[in-house]
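Below is one structure, written out as structure tokens, with a few remarks after it.
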Amino acid sequence: MQALYAQLLVGLINGSFYALLSLGLAVIFGMLNIINFAHGALYMMGAFVAYFLLNLGGINYWWALLLAPIIVGIFGMILERTMLQWLTGLDHLYGLLLTFGIALIVQGVFQNYFGSSGLPYAIPDQLRGGMNLGFMFLPIYRGWVVVFSLAVCLATWFLIEKTQLGAYLRAATENPTLVRAFGINVPRMITLTYGLGVGLAALAGVLSAPINQVRPLMGADLIIVVFAVVVIGGMGSIMGSIITGFALGVIEGLTKYFYPEASNTVVFVLMVLVLLVKPTGLTGRAA
Amino acid sequence: MTTLTDDTLPVTPRAMRDEMIVFAVMALLLAAVPFTGVYPFFVMQALCFALLACAFNLLVGYGGLLSFGHAMFLGTAGYCSAHALKVWALPPELGILVGVAAAFVLSIVTGYISIRRQGIYFSMITLALSQLLYFIYLQAPFTHGEDGIQGIPQGRMFGVLDLSKPTVLYYVVLVGFLAGFLLIFRIINSPFGEVLKSIRENEQRAISLGYRTDQYKFLAFVLSGTLAGFAGALKVFVAQNASLTDVHWTMSGEVVLMTLVGGLGTVFGPVVGAFVIIAMQQYLAGFGQWVTVIQGAIFVVCVLTFRRGVVGEIAHYFRRSL
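From first to last, the protein sequence lines stand for chains B and A. Mapping of the first sequence onto this note's numbering: position 279 corresponds to residue 279, and the numbering continues sequentially without gaps. Mapping of the second sequence onto this note's numbering: position 3 corresponds to residue 1003, and the numbering continues sequentially without gaps.
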């Protein structure tokens, strides 16, 4: 039973990362009409920025949690200004190819300097140790990751669905020309949206650094799973991305307990099943 | 849906003639390779990838469907051919047939699943499916996991052609490549190919004209996957192994890169692109991961400034379709 709860927790943690990453992908896709293949590489950059901040600047985890998403977000906004914005009006596939190229560059550079092995990142003092919940032992850091990710996801949902800025954003997704006619600077909003999506990926990277170590290829395989999550959930709804992300993480965790051989593949198999039963995805509109 | 290339030229008898001339020149040049002292192994490897890229291009360049999982056909056919040759001790021609048949079945299954979604979702689905297969092959006993299937006997094709001789093997691979290339060329210029192009340009209109576009896309997918499998089966004889790298997503990315460099939707572009990328990998082999960085940079440069690719630019300059 202990092992089952432990795997459930691992599942929830992976689900947090799926949710944060697929949320960012959905937000970016809504505004830029681009599937951001570089998302995994930028997630990895978030973890590395946290590592550099700690080891070169002596800046602790809590500041990294704030600074890494901002730094990587600015990097993302530079990418958007210098490259992605030129793809407006072109076929979707060019956006995928361009961001794939960016991912190769970023991952290749980090691999050159850091190889493929992992660098350790210590859990901050305040979150060390664990709690005995009676039915299981909960490492505090892992509990923190789940709670904090959920809070960030809900805050993003609130920002987009319930605030004035979010209303502009949703309007610009539907009809950018009309929104521009109202005097709103849509290109700047697009840049900021890309920065927000990328920042969420970097945040997930910082959160995962103490659990999964900091590796140049930590995002490479993850992004493919997140693509499957996005196919299952559809990118039409913010809440849909969050729920699908967490749910698939939990299912993956359960698979690790009951049938470990399939734990790598269960998300992909589920994607196939969803496509066979409901081709538009669980919450998505037809693409 | 925006168009893929901004200068689609109509297929005229003259354009067909131009393409046939270029094809003849290409075939002659390739046939002369063993007499020039160029390392045949390099050319054979490039030919296998060129066929793979041509098969991929059939789907993306003419059907507008960007598959990000074409390595799964290459790798599956490779594993099945290798297994048939080594464990079942089948002759080469049957070994190739086993690999192609496996890719055919796989493309029917994966095509049926992935054709259900369009555009960007299609790319993500094919990528996810190939990753699913990667994990299956990682665990399946017959692939020997990380080691791969090694030391594959090359044997005698049809009982007479000794494939362990480099020159014989070279011409067998060349004939295989040219046959595959001509088949793709024929498909592109058939009525089926024309409908496919119309779907790429404007699917809604094709539907309104009464075409069942899903069936056309499915058939294009199966043709593309099967031909990619043929490339994978040929590659087994050249490399004499079948390993996980052939199924990995990086391989799918390389195929995309070759086609992009040569020119999406051009007949000869994928061949040029495959030779460029394979040559680059040969010369830069000592630079480690910088090769990945350079490949990424080529992607970025091509997408931003060079979307027609090498052959596409030449064709555009001469106002010909190549």
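Note that CB positions come from ideal geometry on N, CA and C, so glycine has one too.
Whole angstroms are fine: how far does the CA of residue j sit from the CA of residue i?
| i | j | result |
| --- | --- | --- |
| residue 50 (chain B) | residue 29 (chain B) | 27 Å |
| residue 212 (chain B) | residue 1164 (chain A) | 47 Å |
| residue 16 (chain B) | residue 174 (chain B) | 28 Å |
| residue 1259 (chain A) | residue 80 (chain B) | 25 Å |
| residue 279 (chain B) | residue 107 (chain B) | 33 Å |
| residue 128 (chain B) | residue 1126 (chain A) | 41 Å |
| residue 1091 (chain A) | residue 1156 (chain A) | 7 Å |
| residue 21 (chain B) | residue 1057 (chain A) | 31 Å |
| residue 210 (chain B) | residue 123 (chain B) | 5 Å |
| residue 192 (chain B) | residue 1133 (chain A) | 37 Å |
| residue 1178 (chain A) | residue 1042 (chain A) | 17 Å |
| residue 203 (chain B) | residue 1136 (chain A) | 32 Å |
| residue 142 (chain B) | residue 12 (chain B) | 9 Å |
| residue 1282 (chain A) | residue 1288 (chain A) | 11 Å |
| residue 270 (chain B) | residue 229 (chain B) | 9 Å |
| residue 96 (chain B) | residue 18 (chain B) | 19 Å |
| residue 1316 (chain A) | residue 1285 (chain A) | 33 Å |
| residue 1120 (chain A) | residue 177 (chain B) | 23 Å |
| residue 1007 (chain A) | residue 56 (chain B) | Unreliable positioning characterises residue 1007 (chain A) in this predicted model, as indicated by a pLDDT of 48, which lies under 50. The coordinate reading is nonetheless provided below. In a straight line, the C-alpha of residue 1007 (chain A) is about 53 Å away from that of residue 56 (chain B). |
Please state whether DSSP places residue i in a helix, a strand or coil.
| i | result |
| --- | --- |
| residue 10 (chain B) | helix |
| residue 196 (chain B) | helix |
| residue 78 (chain B) | helix |
| residue 1251 (chain A) | helix |
| residue 1156 (chain A) | strand |
| residue 91 (chain B) | coil |
| residue 1240 (chain A) | coil |
| residue 1298 (chain A) | helix |
| residue 1087 (chain A) | coil |
| residue 1147 (chain A) | coil |
| residue 21 (chain B) | helix |
| residue 1234 (chain A) | helix |
| residue 207 (chain B) | helix |
| residue 288 (chain B) | No statement about residue 288 (chain B) is possible, as the shown extent of chain B runs from 1 to 287 and does not include it. |
| residue 1140 (chain A) | coil |
| residue 1267 (chain A) | coil |
| residue 67 (chain B) | helix |
| residue 32 (chain B) | helix |
| residue 1067 (chain A) | coil |
| residue 1321 (chain A) | coil |
| residue 1117 (chain A) | coil |
Could you tell me which chain B residues have their CB closer than 8 Å to the CB of residue i, listed as they occur along the chain?
| i | result |
| --- | --- |
| residue 1290 (chain A) | 108 and 112 |
| residue 1124 (chain A) | 35, 227, 228, 230 and 231 |
My understanding is that residue i touches residue j, with C-beta atoms under 8 Å, so please give their C-beta distance in whole angstroms.
| i | j | result |
| --- | --- | --- |
| residue 1267 (chain A) | residue 1277 (chain A) | Their Cβ separation, rounded to whole angstroms, is 18 Å, which puts residue 1267 (chain A) and residue 1277 (chain A) out of contact at 8 Å. |
| residue 200 (chain B) | residue 23 (chain B) | 6 Å |
| residue 219 (chain B) | residue 41 (chain B) | 6 Å |
| residue 282 (chain B) | residue 274 (chain B) | 7 Å |
| residue 38 (chain B) | residue 205 (chain B) | In fact, because the Cβ distance is near 13 Å, the residues do not count as touching under 8 Å. |
| residue 995 (chain A) | residue 1279 (chain A) | Beyond the ends of chain A as shown, which are 1001 and 1322, falls residue 995 (chain A); an answer cannot be given. |
Residue i touches chain B at which residues, Cβ-Cβ below 7 Å?
| i | result |
| --- | --- |
| residue 1199 (chain A) | Result: empty, since nearest Cβ-Cβ is about 14 Å, beyond 7 Å. |
| residue 1249 (chain A) | 224 |
Residues of chain A with CB under 7 Å from residue i, in chain order?
| i | result |
| --- | --- |
| residue 264 (chain B) | 1135 |
| residue 86 (chain B) | 1304 |
| residue 272 (chain B) | 1113 |
For the beta strand (DSSP E) containing residue i, list its first residue and its last residue.
| i | result |
| --- | --- |
| residue 137 (chain B) | 137 to 139 |
| residue 130 (chain B) | 130 to 132 |
Could you please give the first and the last residue of the uninterrupted alpha helix (DSSP H) stretch that includes residue i?
| i | result |
| --- | --- |
| residue 1045 (chain A) | 1040 to 1063 |
| residue 215 (chain B) | Run containing residue 215 (chain B): none; DSSP gives neither H nor E here. |
| residue 44 (chain B) | 39 to 57 |
| residue 177 (chain B) | 176 to 181 |
| residue 1163 (chain A) | Note, residue 1163 (chain A): premise wrong, no alpha helix (DSSP H); not H, not E. |
| residue 1210 (chain A) | Per DSSP, residue 1210 (chain A) belongs to no alpha helix (DSSP H) and is neither H nor E. |
| residue 1193 (chain A) | 1191 to 1201 |
| residue 1245 (chain A) | No alpha helix (DSSP H) contains residue 1245 (chain A), which DSSP labels as neither H nor E. |
| residue 275 (chain B) | 266 to 277 |
| residue 1033 (chain A) | Segment: none, residue 1033 (chain A) is in no alpha helix (DSSP H) and carries neither H nor E. |
| residue 262 (chain B) | Element bounds for residue 262 (chain B): n/a, residue is neither H nor E. |
| residue 1114 (chain A) | 1092 to 1114 |
Identify the contact partners of residue i in chain A, using a Cβ-Cβ distance below 8 Å as the criterion.
| i | result |
| --- | --- |
| residue 39 (chain B) | In chain order: nothing, as chain A lies at least about 12 Å away. |
| residue 182 (chain B) | The premise fails here: residue 182 (chain B) is roughly 26 Å from chain A at the closest Cβ pair, so nothing lies under 8 Å. |
| residue 70 (chain B) | Those within 8 Å of residue 70 (chain B) in chain A number zero; the least Cβ separation is about 24 Å. |
| residue 18 (chain B) | Chain A residues near residue 18 (chain B): none, gap ~13 Å exceeds 8 Å. |
| residue 83 (chain B) | 1300 and 1304 |
Taking C-beta pairs closer than 9 Å, name the residues in chain A that residue i reaches, listed in chain order.
| i | result |
| --- | --- |
| residue 261 (chain B) | 1139 |
| residue 43 (chain B) | Under the 9 Å cutoff, chain A gives no residues; its nearest Cβ is about 16 Å from residue 43 (chain B). |
What residues from chain B crowd round residue i, counting only those whose CB sits closer than 9 Å?
| i | result |
| --- | --- |
| residue 1272 (chain A) | Those within 9 Å of residue 1272 (chain A) in chain B number zero; the least Cβ separation is about 18 Å. |
| residue 1061 (chain A) | Near residue 1061 (chain A) there are no residues of chain B at all, since even the closest Cβ is about 11 Å away, more than 9 Å. |
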